[in-house]
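Quick note: the sequence shown uses the working numbering, first residue 3, plus one each step. All residues carry an ideal CB built from backbone N, CA and C; glycine is no exception. Notes to accompany the following structure.
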Amino acid sequence: MDLKHIINLLQQNDDIIIFPHVNPDGDCLGSSIALAMALTNIGKKARVIVEENVPSAYEFLPGLECLEMYKEDKSNGQLAVAIDTGDRKRLGERARLFDRCKFTVNIDHHKTNTSFADYNFIDASKSSAGEIIFDILKSMNVKIDKSIAVCLYVAIATDTGGFRYSNTTADTHRTAAKLMEYGLNAGELSSRLFEVVSKSKVLLTAEVIKTLEIFSGGKIAFLEVNDKILESAGAVPGDCDGLVNIGRNIEGVEVAVLLKEIGNNEIKANMRSNKYADVASIASFFSGGGHARAAGCTIYSHMNKAKSMLLAKVREVVE
Ligand code: 5GP
Ligand code: MN
3 MDLKHIINLL
13 QQNDDIIIFP
23 HVNPDGDCLG
33 SSIALAMALT
43 NIGKKARVIV
53 EENVPSAYEF
63 LPGLECLEMY
73 KEDKSNGQLA
83 VAIDTGDRKR
93 LGERARLFDR
103 CKFTVNIDHH
113 KTNTSFADYN
123 FIDASKSSAG
133 EIIFDILKSM
143 NVKIDKSIAV
153 CLYVAIATDT
163 GGFRYSNTTA
173 DTHRTAAKLM
183 EYGLNAGELS
193 SRLFEVVSKS
203 KVLLTAEVIK
213 TLEIFSGGKI
223 AFLEVNDKIL
233 ESAGAVPGDC
243 DGLVNIGRNI
253 EGVEVAVLLK
263 EIGNNEIKAN
273 MRSNKYADVA
283 SIASFFSGGG
293 HARAAGCTIY
303 SHMNKAKSML
313 LAKVREVVE
């Protein structure tokens, strides 16, 4: 689908609901809020509907007043826009509201996207949804202000790990440079996003490191977290973001996995790879998805079984 069609839909509809994915990250939140602010500025009713609280790391974002907590009712909207959302399941409870809207749009950069909306724009060459939203706002000729620029910069910076990951392109840098021209303080944002950590996250990191297991002669690293570990560190599930990188950063590791016990029979896996392993294909095998170097899935089984199933699959790809 051409980006022009998506832009036409945004221009022709006045009641727009924006949907970030569940377990929201910097990219989906920054992109969603930026789009909502830009559409509000041109006189449209635009809301971002979420079903979880904003992780504390992103509470500093401007424009949080665009967010609305999801309520289970029969309301609907004219145009639904899912952002950074690889499949319908990632809309969580809000999938029903999404389906009730007159037109549905899906804007994403995951190669595993299932094109679940009426209109789908997927560009896997983009580092982040933030880059796509920037292009949309530019093509629509709507005003970008400093708040919108901060949100888009956060979206791009977080999905590229501060412009370090292999999804960072020359275009990514060009877009970030243009965003900096709106007067944002990149140094301060980087410090907030990548350096400052809560004490509970430091304590959690210490506990999670103790669970490290290495397989396949050093090429695979597994880490684990559960409620007991979270409690002992005084941490919340959002504090687990990024912990999988502890495994990935170990010299010689190709694939790192963080397994989070959500319930007795529900394990969320976050996966990362370094050079060649396509973790999106592993995640897809377990009905998840993502990118070649960063992906995730949920396995409905207890921890030991989930671990052995996932390890077998990772071994196939790594060895
Ligand atoms: P993270 O490990 O940071 O949560 O996710 C890594 C990447 O995989 C992100 O782009 C995220 O959107 C995607 N991802 C994580 N979990 C899932 C999942 O369960 N399903 C799908 N389709 N994508 C996922
Ligand atoms: Mn993203």
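Between the C-alpha atoms of residue 322 and residue 257, what's the straight-line distance to the nearest angstrom? As displayed, the chain neither begins before 3 nor continues past 321, which places residue 322 out of reach and without an answer.
Can the beta-carbon of residue 272 be found less than 7 Å from the beta-carbon of residue 238? Cβ distance not < 7 Å, so residue 272 and residue 238 don't count as in contact.
Around the C-beta of residue 75, are 16 or more other C-beta atoms found within 10 angstroms, so that it is buried, or is it exposed? With fewer than 16 other CB atoms across the displayed protein chains lying within 10 angstroms of its CB, residue 75 is exposed.
Can you find a heavy atom of ligand 3 that lies under 6 Å from the Cβ of residue 4? Among the ligands present in this structure, namely ligand 1 and ligand 2, ligand 3 is not found.
Cα-Cα separation between residue 229 and residue 21, rounded to whole angstroms: In this structure, the CA atom of residue 229 is about 28 Å from the CA atom of residue 21.
Tell me whether residue 297 counts as near ligand 1, meaning its Cβ is closer than 6 Å to at least one heavy atom of that ligand. Yes; taking the cut-off as 6 Å, the Cβ of residue 297 has a heavy atom of ligand 1 nearer than that.
Would the beta-carbon of residue 161 be found less than 6 Å away from any heavy atom of ligand 2? At least one heavy atom of ligand 2 sits closer than 6 Å to the Cβ of residue 161.
Assuming contact is defined by CB atoms lying nearer than 7 Å, are residue 129 and residue 170 in contact in what I supplied? The answer is yes: Cβ separation under 7 Å.
Residue 110 lies in the alpha helix (DSSP H); which residues open and close that run? Bounds of any alpha helix (DSSP H) do not take in residue 110; it lies within the beta strand (DSSP E) bounded by 105 to 110.
Quick check on the DSSP output: the alpha helix (DSSP H) that includes residue 310 runs from which residue to which? Element bounds for residue 310: 305 to 320.
Within 10 angstroms of its Cβ, does residue 108 collect 16 or more other Cβ (buried), or is it exposed? Burial call: buried.
Using the Cα positions of residue 265 and residue 304, report the straight-line distance between them to the nearest angstrom. Taking the CA atoms as reference points, residue 265 sits about 8 Å from residue 304.
Once the 5 residues before and after residue 125 are set aside, which same chain residues still bring their CB inside 7 Å of it? Once the five neighbours on either side are set aside, the close Cβ partners of residue 125 are 111, 134.
Within 7 Å, strictly: CB atoms of residue 204 and residue 225: No, they are not a contact pair.
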